[in-house]
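Residue numbers (my numbering), protein chains in the order written: chain A, 1 to 249; chain B, 1 to 279.
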């Protein structure tokens with residue numbers, strides 16, 4: 001299978017501070033489910049954002065879905081982002097708006113002004129939004145105000161918004177970090193099912209090593225802004241993972 | 001057990017002195033306020049206490065002359081009141097519409113450039129700082145006597161008022177909302193119109209209702225400087241010493257202003273409770 005994500009020597013960081021990513025070399029093939037693990041500050045979130053140009057690369061190469069991200073025009077970046085789903089740890093949804101409205105936001109990258117308000121959205125987009133909500137088991141809450149939902153439900157809405165984009169690649173930044181164990185298992189299960197059913201490539205940053213082994217095909221460990229471990233999930237031994245978090249071998 | 005050994009003694013000691021000496025700036029401000037008040041009673045405004053007492057007795061005379069209110073000109077009064085209400089409504093609508101782009105350009109998180117933010121905030125501050133009555137005088141000069149001047153004065157005042165509060169509310173939108181929408185590939189317009197503005201719309205409606213209440217009161221006063229509406233009727237009645245007719249007008253103003261306040265408060269409560277505005 002061809003690589004949908006490829007980085008080499010990627011250096012990236014915020015402002016004029018030291019780089020968070022200090023030379024990341026990574027290749028992800030289409031259809032893979034990859035778990036990114038590593039201690040706080042290892043560069044997991046920065047790497048995910050750098051893949052869609054939300055954190056600029058200082059040097060090195062980033063190619064995602066055929067688009068060379070450093071040097072891409074604003075229009076090219078928007079087009080890339082419109083086909084890459086992104087689920088955030090803090091959901092990044094609009095709490096005052098309805099579940100349906102938040103889901104329809106996934107179409108903003110392709111629908112133009114008609115997608116700005118649910119009332120103006122094309123019927124096909126509304127139907128697709130409801131289908132995406134149904135996929136995460138929330139179609140019955142489409143008209144509810146988002147802020148009235150639980151954390152687990154809000155993360156499922158974030159997944160529905162990502163599905164709304166009809167993505168080829170789904171990035172998830174610690175999507176279960178703020179959820180209780182039951183909600184976290186539920187969200188990870190949905191994420192895995194979506195990946196299999198839609199043949200999506202998924203890169204998910206996680207702190208829970210159990211989930212990483214259970215739901216991913218491959219585990220990539222970051223340490224000090226570099227790839228320190230890259231193994232198939234079933235071969236990845238616990239002590240080697242613990243090393244990433246500073247535990248003695 | 002002695003008082004010093006009481007359980008609360010240490011806590012009380014930690015509360016500090018009961019009275020604190022005012023800071024130099026507080027002392028200077030208080031001195032300035034007292035000096036201005038003293039000057040106002042002597043040289044500046046020269047407010048005479050005797051005149052105040054005399055004015056009170058004349059007020060009683062005015063009230064006695066005004067009762068009972070003369071309902072003979074109820075038709076023209078109602079017509080002028082309608083004009084006043086329309087001035088307030090149209091002026092508020094124009095002001096609110098003008099304030100939205102001002103707010104977007106003036107909010108730090110949506111402005112295209114820091115310089116644009118600074119210039120827009122300065123323009124909003126100018127619109128807000130000039131009193132509506134002064135705007136009324138200016139527009140009477142530029143567009144002539146009549147309701148048009150009143151409408152423009154209210155629009156300018158509302159744009160300043162709403163522009164400031166709308167911009168502040170936009171700045172309160174969580175950065176995560178904007179980040180989430182940007183990550184979907186939305187354009188700046190899409191982020192703004194699809195996520196930011198719908199999120200702040202309930203607050204915009206509440207602020208607009210306050211602006212409408214204020215505009216209704218302003219539209220009465222604006223008539224005094226020739227900007228149309230019931231104010232013109234009131235000034236004429238007062239100048240012709242028809243106090244009973246003036247009382248009818250004052251009562252009509254009271255009813256309309258109270259009605260607008262009630263309706264506005266109801267809309268604010270409804271929007272505040274549901275947090276949704278028809279989208």
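For glycine and all other residues, C-beta sits at the position ideal for the given N, C-alpha and C.
C-beta contact flag for residue i and residue j at 9 Å
i, j, result
"residue 10 of chain A", "residue 23 of chain A", "yes"
"residue 192 of chain B", "residue 110 of chain B", "yes"
"residue 78 of chain B", "residue 246 of chain B", "no"
"residue 363 of chain B", "residue 105 of chain A", "Residue 363 of chain B lies beyond the stretch modelled for chain B, which goes from 1 to 279, so this question has no answer here."
"residue 34 of chain A", "residue 219 of chain A", "yes"
"residue 202 of chain B", "residue 271 of chain B", "yes"
"residue 153 of chain B", "residue 102 of chain B", "no"
"residue 162 of chain B", "residue 95 of chain B", "yes"
"residue 136 of chain B", "residue 149 of chain B", "yes"
"residue 169 of chain A", "residue 49 of chain A", "no"
"residue 202 of chain A", "residue 187 of chain A", "no"
"residue 107 of chain A", "residue 129 of chain A", "yes"
"residue 87 of chain A", "residue 46 of chain A", "no"
"residue 182 of chain B", "residue 54 of chain A", "yes"
"residue 147 of chain B", "residue 228 of chain B", "yes"
"residue 95 of chain A", "residue 174 of chain B", "yes"
"residue 57 of chain A", "residue 67 of chain A", "no"
Alpha-carbon to alpha-carbon, residue j and residue i
i, j, result
"residue 209 of chain A", "residue 125 of chain B", "54 Å"
"residue 190 of chain B", "residue 109 of chain A", "8 Å"
"residue 59 of chain A", "residue 205 of chain A", "23 Å"
"residue 64 of chain A", "residue 91 of chain B", "52 Å"
"residue 126 of chain A", "residue 260 of chain B", "38 Å"
"residue 280 of chain B", "residue 230 of chain B", "Outside the shown range of chain B, which is 1 to 279, sits residue 280 of chain B, and nothing can be said about it."
"residue 280 of chain B", "residue 68 of chain B", "Residue 280 of chain B lies beyond the stretch modelled for chain B, which goes from 1 to 279, so this question has no answer here."
"residue 176 of chain B", "residue 91 of chain A", "8 Å"
"residue 87 of chain B", "residue 216 of chain B", "8 Å"
"residue 4 of chain B", "residue 22 of chain B", "In this prediction, residue 4 of chain B scores a pLDDT of 49, lower than 50, which makes its location untrustworthy; no coordinate-derived value is stated."
"residue 120 of chain A", "residue 112 of chain A", "11 Å"
"residue 133 of chain B", "residue 144 of chain B", "15 Å"
"residue 235 of chain A", "residue 228 of chain A", "15 Å"
"residue 213 of chain A", "residue 233 of chain A", "5 Å"
"residue 40 of chain B", "residue 26 of chain B", "21 Å"
"residue 21 of chain A", "residue 104 of chain B", "35 Å"
"residue 268 of chain B", "residue 262 of chain B", "10 Å"
"residue 164 of chain B", "residue 221 of chain A", "48 Å"
"residue 276 of chain B", "residue 178 of chain B", "Because residue 276 of chain B carries a pLDDT of 49, less than 50, the predicted location of this residue cannot be relied on, and the following value inherits that uncertainty. About 19 Å."
"residue 140 of chain A", "residue 133 of chain A", "8 Å"
"residue 249 of chain A", "residue 145 of chain A", "Note on residue 249 of chain A: pLDDT 43, under 50, position unreliable in the model; the coordinate value appears next. The alpha-carbon atoms of residue 249 of chain A and residue 145 of chain A are separated by roughly 48 Å."
"residue 107 of chain B", "residue 204 of chain B", "14 Å"
"residue 242 of chain A", "residue 184 of chain A", "21 Å"
"residue 129 of chain B", "residue 160 of chain B", "8 Å"
"residue 164 of chain A", "residue 254 of chain B", "54 Å"
"residue 42 of chain B", "residue 56 of chain B", "20 Å"
"residue 190 of chain A", "residue 206 of chain B", "40 Å"
"residue 234 of chain B", "residue 36 of chain B", "33 Å"
"residue 99 of chain B", "residue 63 of chain B", "42 Å"
"residue 251 of chain B", "residue 75 of chain B", "14 Å"
"residue 200 of chain B", "residue 151 of chain A", "22 Å"
"residue 136 of chain A", "residue 76 of chain A", "30 Å"
"residue 231 of chain A", "residue 5 of chain A", "17 Å"
"residue 158 of chain B", "residue 220 of chain B", "15 Å"
"residue 278 of chain B", "residue 208 of chain B", "Note that residue 278 of chain B scores a pLDDT of 42, beneath 50, so its modelled location is shaky; the value from the coordinates is reported in the next line. Approximately 16 Å, taken between the alpha carbons."
"residue 38 of chain A", "residue 179 of chain A", "19 Å"
"residue 124 of chain A", "residue 167 of chain A", "17 Å"
Paired residues, beta bridge with residue i - DSSP
i, result
"residue 232 of chain A", "A:218"
"residue 98 of chain A", "A:145"
"residue 80 of chain B", "Residue 80 of chain B is not bridged to any residue."
"residue 77 of chain A", "None; residue 77 of chain A has no bridge partner."
"residue 29 of chain A", "A:3"
"residue 85 of chain A", "A:170"
"residue 204 of chain A", "A:35, A:172"
"residue 105 of chain B", "DSSP, once it has assigned bridges, lists no residue as partnering residue 105 of chain B."
"residue 11 of chain A", "A:22, A:59"
"residue 99 of chain B", "In the DSSP output, where bridge partners are listed per residue, residue 99 of chain B has none listed."
"residue 264 of chain A", "With chain A covering only 1 through 249, there is no way to say anything about residue 264 of chain A."
Contact set between the region 182-195 of chain B and chain A, restricted to residues whose Cβ is under 8 Å from the partner: 182, 183, 184, 185, 186, 187, 189, 190, 191, 193, 194, 195
Quick one: which unbroken alpha helix (DSSP H) runs of 4-plus residues sit fully inside the region 217-243 of chain B? Chain order, please. 230-239
Scan the region 48-74 of chain A and note each continuous beta strand (DSSP E) run of 3 residues or more that stays entirely inside, going in chain order. 57-64
What residue ranges within the region 157-212 of chain B form continuous alpha helix (DSSP H) runs of no fewer than 4 residues, ordered along the chain? 175-182, 188-191
Chain B contacts from the region 111-126 of chain A (Cβ-Cβ distance under 9 Å): 111, 112, 113, 115, 116, 117, 118, 119
Taking a Cβ distance cut-off of 8 Å, strictly less, list which residues of the region 215-242 of chain B are near chain A, in chain order. none
Chain-ordered residues of the region 158-181 of chain B with a beta carbon less than 7 Å from chain A: 176, 177, 179, 180, 181
When Cβ atoms are compared, which residues of the region 201-226 of chain A fall closer than 9 Å to chain B? none
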